[in-house]
Each structure stands twice: as C-alpha cells, then as structure tokens.
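Trainee: For the sequence shown, our numbering begins at 22 and goes up steadily by one.
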Amino acid sequence: MTKRIRILIASIACLAILAVGVAWRLTAGGEAQVRTVGAQAAPSLEIRWHGGGIVLQGTVLDAATQHTLAEGAAARLGGESDQVTDWLDITPTALPVADPTALAKLILLGQEGWHLQRRPTEGWLAVQSLTDERSAQAKALLQAAFGPGVAIRLVQLP
22 MTKRIRILIA SIACLAILAV GVAWRLTAGG EAQVRTVGAQ AAPSLEIRWH GGGIVLQGTV
82 LDAATQHTLA EGAAARLGGE SDQVTDWLDI TPTALPVADP TALAKLILLG QEGWHLQRRP
142 TEGWLAVQSL TDERSAQAKA LLQAAFGPGV AIRLVQLP
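The following block contains the structure:
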C-alpha cells in the first residue's frame, strides 16, 4: 500500500471519528454525558474503537505503558498496527495506569463504537449494552486498569 493511500485512509478514519463524536454529542444521551463529563478537565486518556481501527490519545507516564496499549490495539486488529493511531504522549504529569495489561485486555475485548475516557477521578466507557457479559468484563478490566480509587462508569451508546 502506498504512503498516499495510507494517509488517505488515516484521514478518512479521522473524519469518521469526528463524525461519530459529533453525532454522539448531539443525541440525548450524548448531551447528558457532555453535561456530566464536559464540566471537568479534558480527558487525560482516550481510547476509541472506530472506523476499523483504534485511536489511542492522551498522556501516559512511561514508554512501557504506551507500548503495552499499542500492542493491545494491534492485537485487537489482528496485528494490523497501521490501523492503530497512537497519539499517546509520555509525560510525568499523566494520570497513572495501575495495570496497563488490564487496559490492553480491555482494548482486545472492545467493539466498534466503544469510547473510553479517563479523567482525574473517574473513567467511563461508552458501550452498546450496559447489561451484557462483555460490558461486565470491560467494567472489571477498567477498574483493574485504573485502580480502586477511580470511579468507573459504563454509559450506553445511542
């Protein structure tokens, strides 16, 4: 695949992610989520499963965490690392990830449309169903990933 085609595919994926985000915020559930979460600071870590790829965005404390998350995303996509958008910055002020392996397992478990955000005191994950087994597993992995001091919430996608 040529470099131009890869850039084009990445651009289309970014536009698709933007469109999904706008649609999410314009729905009734998205508006409620924006009121609840939007009042806080920007998320320190986001993971989005969209457009046949996975976007990792935000900050992490170390290269080992960054590497673990990128590997988990590539594994979720069958080894297609070119479908992983890694916008993770390593910074000493990032919120800690208590268990990066649990977060990588969550990435493997995730489905198209899921969206995770980590904020200073909470983490939330938008999923298709709040009651299915996959969502229950995701919530447990998310709690393990961020630790017992972080409130975890599941939010249903519109």
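Even for Gly, the Cβ is constructed at its ideal location relative to N, Cα and C. Treat the numbers as computed from the prediction; the structure is a model and nothing was measured.
#1: Measuring straight from C-alpha to C-alpha, what distance separates residue 133 and residue 171?
#2: Would you decide whether residue 99 is buried or exposed? Buried here means 16 or more other CB atoms lie within 10 Å of its CB.
#3: Take residue 102 as the anchor and find which of 116, 127, 76 and 123 has the nearest alpha-carbon.
#4: From the DSSP output, which residues share a beta bridge with residue 128?
#5: I'd like the ranges of any alpha helix (DSSP H) spanning at least 4 consecutive residues and lying wholly in the region 133-162.
#6: Would you kindly report the start and end of the unbroken alpha helix (DSSP H) that includes residue 82?
Mentor: This is what the structure holds:
#1: The alpha-carbon atoms of residue 133 and residue 171 are separated by roughly 25 Å.
#2: Exposure of residue 99 is indicated by the presence of fewer than 16 other C-beta atoms within 10 angstroms of its C-beta.
#3: Nearest to residue 102 by C-alpha distance, out of 116, 127, 76 and 123, is 76.
#4: Per the DSSP secondary-structure output, residue 128 pairs with nothing in a beta bridge.
#5: Within the region 133-162, no complete alpha helix (DSSP H) run reaches 4 residues.
#6: Judged by DSSP secondary structure, residue 82 falls outside any alpha helix (DSSP H); it is assigned neither H nor E.
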